[in-house]
Amino acid sequence: MASKKIKKVIAVSLNNFLDSGCIVAGASGLALWAKAFHMSSFLVGLLGALSANAVGAAIGALIGGYLTDRFGRKLIYTYNMLLYMLGCLIVILAFNPIMLFIGFITLGISVGAGVPASWSYISETSDSKNRGSNIGLSQLFWALGPTFVFIVATITSPLGLLGNRIVFLMLLIVAFVAWLLQRQLQESQAWQDDNKGQAIKHDSYRELLTNKINLKNILFLVSVYLFWNLVASSSGFFMPFVYSSVGHISYSYTQVISAIAGIVNALAAYFIFTMFVDKTSHRLMFFISAIGSVISWISLTFFGFNQLGLWTYVILWNGCGAFGPQAFYALWSTELFQTRYRGAAQGLMFFLVRASSGVMSIAFPIIIASIGFQFAGYMMIFFLTISLVVGTIWTPKTRGKDLTEISAEVYQEKQN
163 MASKKIKKVI AVSLNNFLDS GCIVAGASGL ALWAKAFHMS SFLVGLLGAL
213 SANAVGAAIG ALIGGYLTDR FGRKLIYTYN MLLYMLGCLI VILAFNPIML
263 FIGFITLGIS VGAGVPASWS YISETSDSKN RGSNIGLSQL FWALGPTFVF
313 IVATITSPLG LLGNRIVFLM LLIVAFVAWL LQRQLQESQA WQDDNKGQAI
363 KHDSYRELLT NKINLKNILF LVSVYLFWNL VASSSGFFMP FVYSSVGHIS
413 YSYTQVISAI AGIVNALAAY FIFTMFVDKT SHRLMFFISA IGSVISWISL
463 TFFGFNQLGL WTYVILWNGC GAFGPQAFYA LWSTELFQTR YRGAAQGLMF
513 FLVRASSGVM SIAFPIIIAS IGFQFAGYMM IFFLTISLVV GTIWTPKTRG
563 KDLTEISAEV YQEKQN
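Rendered as structure tokens:
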């Protein structure tokens, strides 16, 4: 029985693998695409803004959150990977900027739609003793995505743009495997119990936004995740481009750095978050990860791209980021809302976070080109500090409790 549950978690966690994988696949070949299609800094930023890194995923999450609450988690698994495969195919065959944009947007909508369904499903099929570790396993797959992509990108780097097309081909194959596995999943029992196994008729977004407790939790989670993700999305999509254009680091060395970063992230995701999140203080884990992330950007901002500044950033940012705001957001966003609008809450918050990242994606390369990388670094430090303070002070006390118990505690204020 335990092995079957782990297989379900792995099948759903492939969404995270493909999410981070397509972001990094686009990032690793960004300079090549820009050169091949003669794209300006604005178009480069716009591509990042409309991709899985930002607005594309934001739109997908808003739609996916509604669908997964109204029709169930299984609906997304039945069709979503088909959309992902279509996006990969368009990018592989792209011969002009328009096709490239269409492919990136399609991928973004797909990965965004999968987030509310996947995180809700994992949380609802876990118990109080392994919910955090199961969410952690999904974050491990999120970390493995970039590792896989950068290894393939490193091997295929001598092929130039063709190598990046091959990376997307590999993602298409993984998406096909994910589709086969996810089609076999059963519907979440929690959703079935809450809705008697039928499509719900209430408006999850309306009910979500008219409840003061929900609004308070949304404000908390968005404050934690949005400001962290402004940094994570910028670095995740643009750092290979920054290494090349600002740090004057070669393309092949950039792939090596990024591959090592992915390995560090994956190791920390498993050996720290997955193994200890159900046993250790969430406030302590969050604080350590958040302060480490701040230090990483201080290092890169003030020491630059020399060996000390670069590798302090790579190790701390990727190591601490693996058990930080995104992992805890994935956990808390499923715990602090009732089943009937759990997907809608995640969809709305993910929309706000990734849409904000879209704005940052347009601004980030322009800021670097016009003002300089150091100013961008100051901004990153400021954003990370906000996430650090909010998450540490208002850490939810959910560890060791099942979803029913958490829901009773969270919404008791409504009953008074």
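For what it's worth, our numbering labels the leading residue of the sequence shown as 163, then goes sequentially.
In this text, a Cβ means the ideal position worked out from N, Cα and C, and glycines have one as well.
Closest Cα partner of residue i within the set the options
i           : options               : result
residue 493 : 514, 195, 208 and 387 : 387
residue 204 : 520, 535, 476 and 546 : 520
residue 442 : 561, 565 and 427      : 561
residue 310 : 258, 293 and 422      : 422
residue 300 : 217, 172 and 273      : 172
residue 565 : 285, 476 and 546      : 285
residue 268 : 246, 276, 257 and 313 : 246
residue 282 : 254, 239, 249 and 393 : 239
residue 167 : 350, 445 and 448      : 350
residue 392 : 418, 372 and 525      : 525
residue 427 : 444, 338, 453 and 489 : 489
residue 229 : 243, 334 and 366      : 366
residue 312 : 335, 336 and 184      : 184
Residue i, buried or exposed, once every other Cβ within 10 Å from all chains shown has been counted against 16
i           : result
residue 533 : exposed
residue 207 : buried
residue 213 : buried
residue 190 : buried
residue 271 : buried
residue 497 : buried
residue 235 : buried
residue 293 : buried
residue 433 : exposed
residue 258 : exposed
residue 289 : exposed
residue 169 : exposed
residue 231 : buried
residue 568 : buried
residue 200 : exposed
residue 417 : buried
residue 215 : buried
residue 410 : exposed
residue 297 : buried
Unbroken alpha helix (DSSP H) run spanning residue i, endpoints
i           : result
residue 194 : 192-198
residue 405 : 374-407
residue 271 : 259-286
residue 565 : 565-572
residue 291 : No alpha helix (DSSP H) holds residue 291; DSSP gives it neither H nor E.
residue 369 : 366-371
residue 321 : Note, residue 321: premise wrong, no alpha helix (DSSP H); not H, not E.
residue 236 : 235-255
residue 455 : 444-465
C-beta contact flag for residue i and residue j at 8 Å
i           : j           : result
residue 319 : residue 414 : yes
residue 585 : residue 274 : The structure shown has nothing for residue 585, since the chain only spans 163 to 578.
residue 485 : residue 431 : yes
residue 278 : residue 352 : no
residue 509 : residue 227 : yes
residue 440 : residue 304 : no
residue 540 : residue 463 : yes
residue 390 : residue 518 : no
residue 394 : residue 481 : no
residue 399 : residue 188 : yes
residue 372 : residue 456 : no
residue 280 : residue 177 : yes
Any non-hydrogen atom of the ligand COA within 7 Å of residue i CB
i           : result
residue 336 : You won't find the ligand COA in this model; it holds no ligand whatsoever.
Cutoff 8 Å: residue i Cβ touching any chain C Cβ
i           : result
residue 393 : Protein chains in the displayed structure number just one, and chain C is not present.
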